[in-house]
Amino acid sequence: EPEVTQTPSHQVTQMGQEVILRCVPISNHLYFYWYRQILGQKVEFLVSFYNNEISEKSEIFDDQFSVERPDGSNFTLKIRSTKLEDSAMYFCASSPIRGLVPNEQFFGPGTRLTVL
Amino acid sequence: AQKVTQAQTEISVVEKEDVTLDCVYETRDTTYYLFWYKQPPSGELVFLIRRNSFDEQNEISGRYSWNFQKSTSSFNFTITASQVVDSAVYFCALSEAPRSGGSYIPTFGRGTSLIVHP
Numbered sequence: 172e173p174e175v176t177q178t179p180s181h182q183v184t185q186m187g188q189e190v191i192l193r194c195v196p197i198s199n200h201l202y203f204y205w206y207r208q209i210l211g212q213k214v215e216f217l218v219s220f221y222n223n224e225i226s227e228k229s230e231i232f233d234d235q236f237s238v239e240r241p242d243g244s245n246f247t248l249k250i251r252s253t254k255l256e257d258s259a260m261y262f263c264a265s266s267p268i269r270g271l272v273p274n275e276q277f278f279g280p281g282t283r284l285t286v287l
Numbered sequence: 284a285q286k287v288t289q290a291q292t293e294i295s296v297v298e299k300e301d302v303t304l305d306c307v308y309e310t311r312d313t314t315y316y317l318f319w320y321k322q323p324p325s326g327e328l329v330f331l332i333r334r335n336s337f338d339e340q341n342e343i344s345g346r347y348s349w350n351f352q353k354s355t356s357s358f359n360f361t362i363t364a365s366q367v368v369d370s371a372v373y374f375c376a377l378s379e380a381p382r383s384g385g386s387y388i389p390t391f392g393r394g395t396s397l398i399v400h401p
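Chains P and D, in that order, give the protein sequences.
Note that the first sequence covers residues 172 to 287 in our numbering.
Note that the second sequence covers residues 284 to 401 in our numbering.
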């Protein structure tokens with residue numbers, strides 16, 4: 172069964188460094204998303220991406236964040252200069268259609284980002 | 284604005300007990316979708332169910348059942364005869380209708396940690 176994959180599973184970085192989290196959505200899906208979950212807290216929406224541009228973004232998704240679909244398969248989240256509070260689990264998700272009906276978003280296994 | 288409240292932070296039961304996880308939501312929309320996700324200790328998010336606001340029929344899937352009550356804005360989840368493998372954090376989520384050009388973005392509750400003891 173097709174699934175969303177994410178790499179790496181765990182990323183450790185120093186404060187101020189740039190990180191790129193990678194996702195491969197399910198191949199025929201059109202909408203892509205990033206969420207984050209600070210340890211022990213709820214899952215929070217960051218950004219959605221459709222047709223090669225950001226569709227929606229939350230207040231969390233500030234200028235430090237950017238997303239890209241560099242080729243036909245990858246979907247990346249870049250954090251330009253990481254802060255301690257960026258430490259969280261980051262989930263990628265994709266969904267198959269644009270959305271009169273929100274078919275469930277398929278989530279990847281997550282990347283745990285630890286900022287030291 | 285949409286809001287999801289899962290008042291139970293943690294529930295602890297013994298195997299074979301039935302357990303109900305509560306979810307109360309707030310929305311001004313008449314069209315919305317409700318979801319439950321399971322997050323096992325391994326960390327991934329596993330989709331369990333989607334329910335739209337026009338369908339109040341309760342649903343049963345094996346040991347899982349869901350009770351959607353629009354009158355009380357609740358979408359509760361019951362596990363019958365719980366098992367150790369049910370131990371996980373369970374999230375309830377709500378998606379309102381998107382703005383023009385937007386997509387359905389779920390708002391998650393804080394989750395309920397279910398611990399099933401053998």
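Where is the CB? At the ideal position from N, CA and C, for every residue including glycine.
query                                                                                                                                                                                          : result
Under the DSSP definition of a beta bridge, which residues are partnered with P:E224?                                                                                                          : P:Y221
Once the 5 residues before and after D:A376 are set aside, which same chain residues still bring their CB inside 8 Å of it?                                                                    : V287, L317, F318, W319, Y320, P389, T390, F391, G392
Taking the alpha carbon of D:Q366 as the point to measure from, which residue in D:F337, D:R333, D:F330, D:E300 has its own alpha carbon closest?                                              : D:E300
Starting from the C-beta of D:S357, find all residues in its chain whose C-beta is less than 6 Å away, skip the five residues before and the five after it, and write them out in chain order. : V307
Determine the chain D residues that contact P:V238 at a beta-carbon separation under 9 Å, and present them in chain order.                                                                     : What P:V238 touches in chain D: nothing, since even the nearest Cβ is about 14 Å away.
When you compare only the Cα positions, how much space is there between P:E227 and P:F246?                                                                                                     : 15 Å
Identify the continuous beta strand (DSSP E) that holds P:M260 and give its terminal residues.                                                                                                 : 259-266
Using the Cα positions of P:G243 and P:K249, report the straight-line distance between them to the nearest angstrom.                                                                           : 18 Å
Please confirm whether D:T363 and D:N350 have their CB atoms less than 8 Å apart.                                                                                                              : no
Going along chain P in order, which residues have a C-beta closer than 7 Å to the C-beta of D:I388?                                                                                            : F216, S219, E227
So, helix, strand or coil for P:T253, using DSSP?                                                                                                                                              : coil
Tell me the residue span of the beta strand (DSSP E) that contains D:N341.                                                                                                                     : Run containing D:N341: none; DSSP gives neither H nor E here.
Just list the beta strand (DSSP E) runs in the region 173-207 of chain P, keeping only unbroken ones of 3 residues or longer that don't cross its boundaries, in chain order.                  : 176-178, 181-184, 190-195
Report yes or no: is there a C-beta of chain D within less than 8 Å of the C-beta of P:P280?                                                                                                   : yes
Please work out which residues of its chain come closer than 6 Å, Cβ to Cβ, to P:Q185, disregarding the five sequence neighbours upstream and downstream, and give them in chain order.        : L287
Pull out every residue of the region 364-378 of chain D whose Cβ sits closer than 7 Å to any Cβ of chain P, in chain order.                                                                    : F374, S378
So which residues of chain P does D:G345 contact, with C-beta pairs closer than 9 Å?                                                                                                           : By Cβ distance, chain P contributes nothing, its closest Cβ being about 18 Å from D:G345, past 9 Å.
Can you name, in chain order, every residue of its own chain whose Cβ lies under 8 Å from the Cβ of P:S229, other than the five neighbours on each side?                                       : E215, F216, L217, V218
Could you tell me the alpha carbon to alpha carbon distance between P:F262 and P:Y206, rounded to whole angstroms?                                                                             : 5 Å
Out of D:E309, D:D369, D:D312, state which residue places its alpha-carbon closest to the alpha-carbon of D:S295.                                                                              : D:D369
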